[in-house]
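S.K.: Here's a structure for you.
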Amino acid sequence: MRIDWNDYPCDDFYDELVAAPGKGREAVEGLLADLEELGPDELVARQEAADVAIKEMGITFTVYSEEGGTIDRTWPFDIIPRIIPQSEWERVEAGLKQRVQALNLFIDDLYHDQRIIKDGLFPAEVLAKSVNFRPQCVGIDPPLQTWAHICGSDLVRDGDGTIYVLEDNLRVPSGVSYMLENRLVTKRVFPELFEHYAPLPVDDYPSQLFDTLAALSPRPADYPEVVVMTPGIYNSAYFEHAYLAQQMGCELVEGRDLFVDDHDCVYMRTVDGAARVDVIYRRIDDLFLDPEAFLPESALGVPGLLRAWKAGNVALANAPGAGVADDKVVYAFVPEIIKYYLDADPIIPNVPTYRCMEPDALAYTLAHMEELVVKPANESGGYGMLVGPASTKSEREKFAELVKKDPRNYIAQPALKLSTVPTIIGHKLEPRHVDLRPFILSADRQQVTMGGLTRVALRKGSLVVNSSQGGGSKDTWILPEQSEAN
Amino acid sequence: MLSRVAENIYWLSRYVERAENTARIVTVNANLLMDLPKGIAPGWRPLVDITGANTLFEEHYKDYGERQVLKFLIGDERHSGSILYSLEAARENCRTIRDFVPREAWELLNELFLHAREQLQKGLTKGGRHSYLKHIVQSIQTMTGMLSGTMLHDQGYDFIHVGRFLERADMTTRIIDVRSASLLPAEATELRPYETIQWVSVLKSLTGYQAYRRSEQIRVQRGAVLRFLLQHDAFPRSVGHCLDTVRASMEKLPRNEGPLRVHGRFKRNLEAVVPGRLSHQQLHAFIDELQVCVGELHDEIAKTWFPPPPEAQSQSQSQG
Numbered sequence: 001m002r003i004d005w006n007d008y009p010c011d012d013f014y015d016e017l018v019a020a021p022g023k024g025r026e027a028v029e030g031l032l033a034d035l036e037e038l039g040p041d042e043l044v045a046r047q048e049a050a051d052v053a054i055k056e057m058g059i060t061f062t063v064y065s066e067e068g069g070t071i072d073r074t075w076p077f078d079i080i081p082r083i084i085p086q087s088e089w090e091r092v093e094a095g096l097k098q099r100v101q102a103l104n105l106f107i108d109d110l111y112h113d114q115r116i117i118k119d120g121l122f123p124a125e126v127l128a129k130s131v132n133f134r135p136q137c138v139g140i141d142p143p144l145q146t147w148a149h150i151c152g153s154d155l156v157r158d159g160d161g162t163i164y165v166l167e168d169n170l171r172v173p174s175g176v177s178y179m180l181e182n183r184l185v186t187k188r189v190f191p192e193l194f195e196h197y198a199p200l201p202v203d204d205y206p207s208q209l210f211d212t213l214a215a216l217s218p219r220p221a222d223y224p225e226v227v228v229m230t231p232g233i234y235n236s237a238y239f240e241h242a243y244l245a246q247q248m249g250c251e252l253v254e255g256r257d258l259f260v261d262d263h264d265c266v267y268m269r270t271v272d273g274a275a276r277v278d279v280i281y282r283r284i285d286d287l288f289l290d291p292e293a294f295l296p297e298s299a300l301g302v303p304g305l306l307r308a309w310k311a312g313n314v315a316l317a318n319a320p321g322a323g324v325a326d327d328k329v330v331y332a333f334v335p336e337i338i339k340y341y342l343d344a345d346p347i348i349p350n351v352p353t354y355r356c357m358e359p360d361a362l363a364y365t366l367a368h369m370e371e372l373v374v375k376p377a378n379e380s381g382g383y384g385m386l387v388g389p390a391s392t393k394s395e396r397e398k399f400a401e402l403v404k405k406d407p408r409n410y411i412a413q414p415a416l417k418l419s420t421v422p423t424i425i426g427h428k429l430e431p432r433h434v435d436l437r438p439f440i441l442s443a444d445r446q447q448v449t450m451g452g453l454t455r456v457a458l459r460k461g462s463l464v465v466n467s468s469q470g471g472g473s474k475d476t477w478i479l480p481e482q483s484e485a486n
Numbered sequence: 001m002l003s004r005v006a007e008n009i010y011w012l013s014r015y016v017e018r019a020e021n022t023a024r025i026v027t028v029n030a031n032l033l034m035d036l037p038k039g040i041a042p043g044w045r046p047l048v049d050i051t052g053a054n055t056l057f058e059e060h061y062k063d064y065g066e067r068q069v070l071k072f073l074i075g076d077e078r079h080s081g082s083i084l085y086s087l088e089a090a091r092e093n094c095r096t097i098r099d100f101v102p103r104e105a106w107e108l109l110n111e112l113f114l115h116a117r118e119q120l121q122k123g124l125t126k127g128g129r130h131s132y133l134k135h136i137v138q139s140i141q142t143m144t145g146m147l148s149g150t151m152l153h154d155q156g157y158d159f160i161h162v163g164r165f166l167e168r169a170d171m172t173t174r175i176i177d178v179r180s181a182s183l184l185p186a187e188a189t190e191l192r193p194y195e196t197i198q199w200v201s202v203l204k205s206l207t208g209y210q211a212y213r214r215s216e217q218i219r220v221q222r223g224a225v226l227r228f229l230l231q232h233d234a235f236p237r238s239v240g241h242c243l244d245t246v247r248a249s250m251e252k253l254p255r256n257e258g259p260l261r262v263h264g265r266f267k268r269n270l271e272a273v274v275p276g277r278l279s280h281q282q283l284h285a286f287i288d289e290l291q292v293c294v295g296e297l298h299d300e301i302a303k304t305w306f307p308p309p310p311e312a313q314s315q316s317q318s319q320g
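Residue numbers (UniProt numbering), protein chains in the order written: chain A, 1 to 486; chain B, 1 to 320.
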């Protein structure tokens, strides 16, 4: 058996590797032939080698099982890389920086003068009903006026090849460690392809992250004490928390490792006694951060942490309250937000979005549910949404009731024809839908990961890429064009 | 270093050492039983006695047969001394401190645990047991070497040492206790040759036969073996050597006055006797005393360097 690219279906969707039957995209022309030459047996053997490597490296994620327990699963990974030409990536990178810069200005404005509301561009009612707006944070000036230091934005490509931003994650976005590990595994299984195509490196992310965090330190010093704060080993992203702490050479702390003293300074308990902490990269939701300020029953947090942050004695990344922009209704306003704060047009477009709070949009949504994807404003992980084309009539009816009851809490978008990438299924290469999550760092300067985490829906026809729901991932190669010219 | 991390490293080290020790005593017991005549062979029960988990054992098994004891010691996840439980606990402790343990060591431990679990049924058969246990001992030795060769020799490594050698001292005292108690009746002179075999097996449980030969250069006999296993300063599994290593590491740690004081008392107790002169009864009482010392030293270490237990935390916070 051999791979025949002429048989590969690429008519219905935009494929990232295959432009037309038998023909690769410009940047990867040679790659199709290379994969063909390796043949299916060799590809399957290398996929198995990758699976073994992942198991041995202990790359896992945690899922919550129905019985309430947790299970550690090894990370599902497909070895065929997703490829983006560097010139295209540079435009995306500029667009992401623009977007996050505007969002940071927007968040800062919401916690201060709320000019955008006074100027009538953003409805006060959206803010009033925001579940992630934290009144406790009003009037605070975080270092560098930056609230979302680490942002993960999800990008998708539609049938005509346009790249859209699907959502922005400004609370505690995860996935970057898998991006880094995917690259390590790919280097192990495809050394020859790697050498030939020389994708741009991704591995400086941990040092960029450290620099971003260190820049926030309230005590300017050569060695600020930066720590990563995790809810603990049962969190689904614990692997990543530990990984990033290790890569940055920082302590990985839990709430019980920290305490706030009478002078509102934060300390960690160490073998040597108490040690002052300057910057906390917290991977724990706002509401669990500080039982004094938020949920009193939270055992994960540190009493007094918000006090210390307000006093400017410790930096928190992301800042509490940054999640106010992590709302799918706010998302729908991002083009206006960019225009308002930066006086510029968005470089990467939003997916056209119907805000159900607006009567016309609500009517349209209710009339066209079958064609739309309807999402609640504040869920992540693909939960609680309706995928119109894949839904039953009774599901749509039930969902319509939910939307009518609380229109502010819903948006609707046309069902996109997500692009595909060849993926090893059994003994063949078949197209599977992908998205892309790059990470944007913002402090004294902005940096974007080289590519990001490509997530792939492993089930045929599925558009759900979340790892908790049967998704996998791929390495993402940003390829300099000149390597093809050589 | 975070107090919580120090505690995890310490337990990682103890559990790994426990898994290795258990694998060793099972192997040696199997060999011993082949050498002794059926009538006097002590069987498998002493191994459960060594772990001190007889109550738990009797809850779940009806007799001390080979299959039951092996299942209990190797693969019973309800038993915190079983190899599988120890490896899993070591892995869980290691998982929370991955930023301290070299990546290769984590991968090795992870792989070892998965292997031990997947191959368990094979490990419980007579034919598969030997290579199963050998793999465990060798992997742990490899891991020890990796830590020694690649881990930063800072406080974390000191806690590795403290955990490993305290666990080892604990196991050595347990082995001596059980093995000497189950020895042959003194009057049975016709069984003399077997007495030597049993003392050899005590040495072998601790991989100390060859070292004993080189160091003592006399035949294997009770008094010399006991002194060797309890007080020898160069044999790496003797209680004395373990205590010296624990001390050397604790001396490098901050705020060590309390633990060093308790350690000093422990060491004085150990040196205060000539073990060969102790009767069976006295030896047993002496070992009990050493076991209490192990517990006291652990408590002092925990009090000094590990996080306060949850209910005590709010108190220590208000003291700033």
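All C-beta atoms, glycine included, are put in the ideal place defined by N, C-alpha and C.
At which residues does the beta strand (DSSP E) containing Ala285 of chain B begin and terminate?
M.R.: Element bounds for Ala285 of chain B: not the beta strand (DSSP E) but the alpha helix (DSSP H), His280 to Trp305.
S.K.: Taking Met143 of chain B as the reference, which of B:Cys94, B:Arg179 and B:Pro259 has the closest Cα?
M.R.: The candidate whose alpha carbon is nearest that of Met143 of chain B is B:Cys94.
S.K.: Please confirm if Val277 of chain A has its CB atom under 7 Å from at least one CB of chain B.
M.R.: Not one chain B Cβ lies under 7 Å of Val277 of chain A.
S.K.: What would DSSP say about Lys267 of chain B, mapped onto helix, strand or coil?
M.R.: Lys267 of chain B: helix per DSSP, three-state reduction.
S.K.: Give, in chain order, every residue of the region 131 to 143 of chain B whose Cβ lies closer than 7 Å to some Cβ of chain A.
M.R.: Going along the region 131 to 143 of chain B in chain order, one finds no residue with a Cβ nearer than 7 Å to chain A.
S.K.: Give the interface partners of Asp99 of chain B over in chain A, defined as CB-CB distance under 7 Å, in chain order.
M.R.: The answer, in chain order, is Ala242, Ala245, Gln246 and Leu252.
S.K.: What residue range does the beta strand (DSSP E) around Thr270 of chain A cover?
M.R.: From DSSP, the beta strand (DSSP E) with Thr270 of chain A extends over Val266 to Thr270.
S.K.: Along chain A, which residues have their Cβ under 8 Å away from the Cβ of Ser3 of chain B?
M.R.: In chain order: Asp257, Arg269, Thr270 and Val271.
S.K.: With 7 Å set as the bound, which would you pick, yes or no: does the beta-carbon of Phe233 of chain A sit closer than that to a beta-carbon of chain B?
M.R.: The amino acid occupying residue 233 of chain A in the given sequence is Ile; Phe does not appear at that position. At least one chain B Cβ lies under 7 Å of Ile233 of chain A.
S.K.: For Met229 of chain A, go through chain B and note every residue whose CB falls closer than 7 Å to its CB, in chain order.
M.R.: Under the 7 Å cutoff, chain B gives no residues; its nearest Cβ is about 12 Å from Met229 of chain A.
S.K.: Answer with yes or no whether the minimum CB distance from Gly58 of chain A to chain B is below 7 Å.
M.R.: Yes, Gly58 of chain A counts as interfacial toward chain B.
S.K.: Starting from the C-beta of Ala211 of chain B, find all residues in its chain whose C-beta is less than 6 Å away, skip the five residues before and the five after it, and write them out in chain order.
M.R.: If we look at Ala211 of chain B and ignore the five residues flanking it on each side, its Cβ neighbours are Phe235.
S.K.: Check the DSSP bridge columns for His433 of chain A and list the partner residues they point to.
M.R.: Answer is A:Thr420, bridged to His433 of chain A.
S.K.: With 7 Å as the threshold, decide whether the Cβ of Ala6 of chain B is near any Cβ in chain A.
M.R.: Yes, its Cβ sits closer than 7 Å to a Cβ of chain A.
S.K.: Under 9 Å Cβ-Cβ, which residues of chain A neighbour Asn110 of chain B?
M.R.: Near Asn110 of chain B (Cβ distances below 9 Å), the residues of chain A are Lys55, Glu56, Met57 and Gly58.
S.K.: Starting from the Cα of Ile348 of chain A, find the closest Cα among A:Ala443, A:Ala128, A:Gln98 and A:Arg134 and give me that residue.
M.R.: Among A:Ala443, A:Ala128, A:Gln98 and A:Arg134, the Cα nearest to that of Ile348 of chain A belongs to A:Gln98.
S.K.: Grab the span of the beta strand (DSSP E) containing Val226 of chain A for me, first residue to last.
M.R.: Note, Val226 of chain A: beta strand (DSSP E), Val226 to Met229.
S.K.: Just to make sure I have the definition right: I need the residues of chain A whose C-beta is within less than 7 Å of the C-beta of Thr96 of chain B. Which are they?
M.R.: Chain A residues near Thr96 of chain B: Ile233.
S.K.: Report the residue from A:Met450, A:Ala325, A:Gly471 and A:Trp309 whose alpha carbon sits nearest the alpha carbon of Arg183 of chain A.
M.R.: The candidate whose alpha carbon is nearest that of Arg183 of chain A is A:Met450.
S.K.: Where do the N-terminal and C-terminal ends of the beta strand (DSSP E) with Gln446 of chain A fall, by residue?
M.R.: Gln446 to Val448 is the span of the beta strand (DSSP E), which, as asked, contains Gln446 of chain A.
S.K.: Give the residues from the region 34 to 61 of chain B that approach chain A closer than 9 Å (Cβ to any Cβ), ordered along the chain.
M.R.: Per Cβ criterion, the list is empty.
S.K.: For the putative contact between Pro320 of chain A and Asp286 of chain A, defined by C-beta atoms under 8 Å, what is the C-beta separation to the nearest angstrom?
M.R.: Confirmed, about 5 Å.
S.K.: Quick check: the region 31 to 48 of chain B against the region 197 to 215 of chain B, are at least 3 beta-carbon pairs closer than 8 Å?
M.R.: With the cut-off at 8 Å, the region 197 to 215 of chain B and the region 31 to 48 of chain B touch.
S.K.: Apart from the five residues on each side of it in sequence, which residues of its chain come closer than 8 Å, Cβ to Cβ, to Arg91 of chain B?
M.R.: The residues are Leu109, Asn110 and Phe113.
S.K.: Counting only the same chain and skipping the five closest in sequence on each side, list residues whose C-beta sits under 7 Å from that of Cys265 of chain A.
M.R.: Closer than 7 Å at the Cβ level, and outside the excluded window around Cys265 of chain A, lie Arg276, Ala308 and Asn313.
S.K.: Just the chain A side, please: which residues come within less than 9 Å of Pro259 of chain B by C-beta, in chain order?
M.R.: Residues of chain A passing the Cβ test: none, with the nearest at roughly 12 Å.
S.K.: By alpha-carbon positions, which one of A:Leu170, A:Pro143, A:Glu56 and A:Tyr267 ends up nearest to residue 487 of chain A?
M.R.: What the structure shows of chain A is the stretch from 1 to 486, and residue 487 of chain A is not part of that stretch, so it cannot be assessed.
S.K.: Restricting to runs no shorter than 3 residues, where is the beta strand (DSSP E) found entirely within the region 285 to 322 of chain A?
M.R.: For the region 285 to 322 of chain A, whole beta strand (DSSP E) runs of length 3 or above, ordered along the chain, are 315 to 317.
S.K.: Check whether the Cβ of Trp11 of chain B lies closer than 7 Å to any Cβ atom in chain A.
M.R.: Cβ-Cβ to chain A under 7 Å: no for Trp11 of chain B.
S.K.: Between the region 37 to 46 of chain A and the region 439 to 454 of chain A, can you find at least three pairs of beta-carbon atoms closer than 8 Å?
M.R.: Counting Cβ pairs under 8 Å, fewer than three are found: no touch.
S.K.: Give the DSSP-derived three-state secondary structure of Thr392 of chain A in the structure shown.
M.R.: Reduced to three states, the DSSP call for Thr392 of chain A is coil.
S.K.: Whole angstroms are fine: how far does the CA of Pro218 of chain A sit from the CA of Gly95 of chain A?
M.R.: If you take the alpha carbons of Gly95 of chain A and Pro218 of chain A, they lie about 30 Å apart.
S.K.: Would you report the Cα separation of Met385 of chain A and His130 of chain B, rounded to the nearest angstrom?
M.R.: Using only the alpha carbons, I get a separation of about 55 Å.
S.K.: Indicate whether at least one CB of chain D lies closer than 7 Å to the CB of Glu107 of chain B.
M.R.: The structure shown contains no chain D; the protein chains it does contain are A and B.
S.K.: Determine, for Pro102 of chain B, whether the minimum Cβ-Cβ distance to residues of chain A falls below 7 Å.
M.R.: For Pro102 of chain B, the answer is no, since every Cβ of chain A falls outside 7 Å of its Cβ.
S.K.: Gly472 of chain A bridges to which residues according to DSSP?
M.R.: The partner list for Gly472 of chain A (beta bridge, DSSP) reads A:Val456.
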